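What follows is a single structure, written as structure tokens, with notes after it.
Number of protein chains: 2
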Amino acid sequence: MRGVYLVTDRDLCFGRSLEDVVLKAVRGGVSCVQLREKTLSTKEFLSEAIAVKELLGNFPVPLIINDRVDVALACGADGVHIGRDDMPYAAARGLMGPRAIIGVSVETWDDVMFFQDLDVSYIAASPVFATPTKTDTGKPWGLEGLRAIKSFSRHPIVAIGGINESNARKVLEAGADSLAVVSWICSADNPEMAARQLKNIIEG
Amino acid sequence: MRGVYLVTDRDLCFGRSLEDVVLKAVRGGVSCVQLREKTLSTKEFLSEAIAVKELLGNFPVPLIINDRVDVALACGADGVHIGRDDMPYAAARGLMGPRAIIGVSVETWDDVMFFQDLDVSYIAASPVFATPTKTDTGKPWGLEGLRAIKSFSRHPIVAIGGINESNARKVLEAGADSLAVVSWICSADNPEMAARQLKNIIEG
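Protein chains in written order, with our numbering: chain A, 1265 to 1468; chain B, 1265 to 1468.
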């Protein structure tokens, strides 16, 4: 669970296809891809998920579906990411099975506490910094918050929200295992290079 | 598959709770309940589905979930209803298993033909009449269209769209096995009586 974690947003891809951006990002070294779609129909979402799953088949990169367990099951994804408005974790685990990757968002200390004794695959500290990509979030954790989570939680930590080349090292030093990005890759002139820059920081 | 088939729409319940309307409708004799929610979060939809499933536990009335196979699986619903923008039928059947009720909407002859050799539980001719409840539909089938479907299709037919007490008998005579209604029950002053009126017409 260490690496660059891409969360997709088709609206930030500036007319490029999502598959194109994902492929470039994977070539640049992202270690995990989460498809997040809040407006597509089930049919469209599943169709996209199947296409991305096929594309990822050539790489050792798991596919995570945001929220939709049905889409994840139907496309053979490796897991789901569960936010606060999504299915309860226990229900998702029951449907996905014991081997699936199931990550959860933690926006408050109550969330961190709640998941401490559950077998989640990771907790995503959201947001680390304020970000325009996702505005329905809680107060940013900041580096201090991240450090506090790290000292308490037994789970791998994915940091998300406002992460870029200039703050990545500090986020890692504060305890993040993975760096999740949306616009840093989706909106990059060169998604492959953007992914590689973060990967190099993580491995550096 | 003969009876009154309630499709829910919380916006048409005029401030009454959905559970309240469903309970009254079931007391009035509906034989099947489909929960349709296009705006709720997964968490809210599942919470509602679990509540309605529990409520229906005392009656021999199956619970069908519109579109969302994940919600259906998580709440233990009896089946799903699949529209043209939803998961493909084969994928839904694969996830729901061979015993689930899986109904599909047919809006064109292509749809009717497509499902003829598949093991769908029913086809829903949609809409039979023009209706303000759902505007993203094809051209109404009308009674002639319903008769034509009946003479061709091997599947039970659920008629939906603009059905009420005054046209119910004709819809049945044209070949419908079930009468699906939304506003006729959800918006009725007395949902129990509205359901019973249609049930009495079906039972002749």
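Note that beta-carbon positions come from the ideal geometry of N, C-alpha and C, so glycine has one too.
This structure is a prediction, so every number in the text was calculated from the model and none was measured.
Proximal chain C residues relative to residue i, where beta-carbon distance stays under 8 Å
{"i": "Leu1359(B)", "result": "Although the question refers to chain C, the structure presented lacks it and instead comprises the protein chains A and B."}
Limits of the unbroken alpha helix (DSSP H) element including residue i
{"i": "Ile1449(B)", "result": "1447-1450"}
{"i": "Ala1356(A)", "result": "1353-1360"}
{"i": "Asn1464(B)", "result": "1455-1467"}
{"i": "Leu1276(B)", "result": "It is not in any alpha helix (DSSP H) - Leu1276(B) carries neither H nor E in the DSSP assignment."}
Selection from the options that minimises the alpha carbon distance to residue i
{"i": "Ser1415(B)", "options": "Ala1438(B), Glu1429(B), Lys1463(B), Ile1424(B)", "result": "Ala1438(B)"}
{"i": "Val1422(B)", "options": "Ile1466(B), Ser1281(B), Leu1282(B)", "result": "Ile1466(B)"}
{"i": "Asn1428(B)", "options": "Phe1393(B), Asp1400(B), Asp1441(B)", "result": "Phe1393(B)"}
{"i": "Met1351(A)", "options": "Arg1332(A), Gly1340(A), Gly1361(A)", "result": "Arg1332(A)"}
{"i": "Pro1391(B)", "options": "Leu1319(B), Ala1341(B), Leu1382(B), Trp1373(B)", "result": "Trp1373(B)"}
{"i": "Asp1441(B)", "options": "Asp1381(B), Leu1462(B), Leu1310(B)", "result": "Leu1462(B)"}
{"i": "Val1297(A)", "options": "Glu1318(A), Ser1305(A), Thr1303(A)", "result": "Glu1318(A)"}
{"i": "Val1294(A)", "options": "Val1370(A), Ala1341(A), Leu1327(A)", "result": "Leu1327(A)"}
{"i": "Gly1406(B)", "options": "Lys1434(B), Ile1387(B), Cys1339(B), Ile1449(B)", "result": "Lys1434(B)"}
{"i": "Ile1387(B)", "options": "Cys1277(B), Gly1402(B), Gly1367(B)", "result": "Gly1367(B)"}
{"i": "Ala1354(B)", "options": "Val1335(B), Ser1281(B), Asp1383(B)", "result": "Asp1383(B)"}
{"i": "Gln1380(A)", "options": "Pro1420(A), Gly1402(A), Arg1411(A)", "result": "Pro1420(A)"}
{"i": "Cys1277(A)", "options": "Asn1464(A), Gly1468(A), Asn1454(A)", "result": "Asn1454(A)"}
{"i": "Met1377(B)", "options": "Ala1313(B), Gly1358(B), Leu1320(B), Ala1412(B)", "result": "Ala1412(B)"}
{"i": "Ser1385(B)", "options": "Pro1404(B), Gly1402(B), Lys1403(B), Gly1361(B)", "result": "Gly1361(B)"}
{"i": "Gly1321(B)", "options": "Asp1342(B), Ser1305(B), Asp1334(B)", "result": "Asp1342(B)"}
{"i": "Leu1359(B)", "options": "Gly1340(A), Ile1365(A), Arg1363(A), Ala1364(A)", "result": "Gly1340(A)"}
{"i": "Cys1450(B)", "options": "Met1265(B), Arg1266(B), Gly1292(B)", "result": "Gly1292(B)"}
{"i": "Met1265(A)", "options": "Gly1468(A), Val1325(A), Phe1309(A), Thr1303(A)", "result": "Val1325(A)"}
Straight-line Cα distance separating residue j from residue i
{"i": "Ala1452(B)", "j": "Arg1274(B)", "result": "13 Å"}
{"i": "Asp1284(B)", "j": "Val1271(B)", "result": "14 Å"}
{"i": "Pro1396(A)", "j": "Arg1460(B)", "result": "53 Å"}
{"i": "Asn1330(A)", "j": "Lys1307(A)", "result": "15 Å"}
{"i": "Ala1432(B)", "j": "Leu1337(B)", "result": "33 Å"}
{"i": "Arg1418(A)", "j": "Asp1400(B)", "result": "49 Å"}
{"i": "Glu1408(A)", "j": "Ala1389(A)", "result": "12 Å"}
{"i": "Val1268(A)", "j": "Gly1347(B)", "result": "37 Å"}
{"i": "Leu1287(B)", "j": "Gly1426(A)", "result": "48 Å"}
{"i": "Ser1447(A)", "j": "Val1370(B)", "result": "40 Å"}
{"i": "Arg1300(A)", "j": "Val1344(A)", "result": "10 Å"}
{"i": "Asp1349(A)", "j": "Ala1356(A)", "result": "13 Å"}
{"i": "Met1457(A)", "j": "Val1316(B)", "result": "51 Å"}
{"i": "Gly1402(B)", "j": "Ile1424(B)", "result": "12 Å"}
{"i": "Phe1323(B)", "j": "Val1290(B)", "result": "8 Å"}
{"i": "Glu1281(B)", "j": "Ser1281(A)", "result": "One detail in the question is off: residue 1281(B) reads as Ser in this sequence, not Glu. Answer to the nearest angstrom: the Cα atoms are 42 Å apart."}
{"i": "Ile1314(A)", "j": "Asp1334(A)", "result": "12 Å"}
{"i": "Ser1305(B)", "j": "Ser1305(A)", "result": "14 Å"}
{"i": "Thr1303(B)", "j": "Gly1468(A)", "result": "45 Å"}
{"i": "Pro1404(B)", "j": "Glu1312(B)", "result": "31 Å"}
{"i": "Ala1444(B)", "j": "Leu1436(B)", "result": "11 Å"}
{"i": "Ile1365(A)", "j": "Phe1309(B)", "result": "23 Å"}
{"i": "Leu1248(A)", "j": "Asp1375(B)", "result": "Since the first residue shown for chain A is 1265 and the last is 1468, residue 1248(A) is missing from the structure and cannot be characterised."}
{"i": "Asn1464(A)", "j": "Ser1430(A)", "result": "13 Å"}
{"i": "Arg1363(A)", "j": "Arg1363(B)", "result": "26 Å"}
Check: residue i C-beta below 8 Å from any heavy atom of the ligand HEM
{"i": "Gly1468(A)", "result": "Looking for the ligand HEM in the displayed structure turns up nothing, as the structure carries no ligands at all."}
Beta strand (DSSP E) segment containing residue i, residue limits
{"i": "Leu1299(B)", "result": "1296-1299"}
{"i": "Gly1340(B)", "result": "Per DSSP, Gly1340(B) belongs to no beta strand (DSSP E) and is neither H nor E."}
Interfacial residues, the region 1326-1337 of chain B to chain A, with Cβ spacing under 7 Å: Asp1331, Arg1332, Val1333, Asp1334, Leu1337
Contact list for the region 1286-1313 of chain A against chain B, Cβ threshold 8 Å: Ser1305, Thr1306, Lys1307, Glu1308, Leu1310
Length at least 3, wholly inside the region 1362-1435 of chain B: the beta strand (DSSP E) runs in chain order: 1365-1370, 1386-1389, 1421-1424
Residues, ordered as in the chain, of the region 1438-1459 of chain A that lie near chain B by beta-carbon distance below 9 Å: none
Interface residues of the region 1384-1409 of chain B facing chain A [CB-CB below 7 Å]: none
Whole runs of the alpha helix (DSSP H) within the region 1278-1335 of chain A, excluding any shorter than 4 residues: 1282-1291, 1306-1320
Proximal residues, the region 1340-1355 of chain B versus chain A, C-beta separation under 8 Å: Arg1348, Asp1349, Asp1350, Met1351, Pro1352, Ala1355
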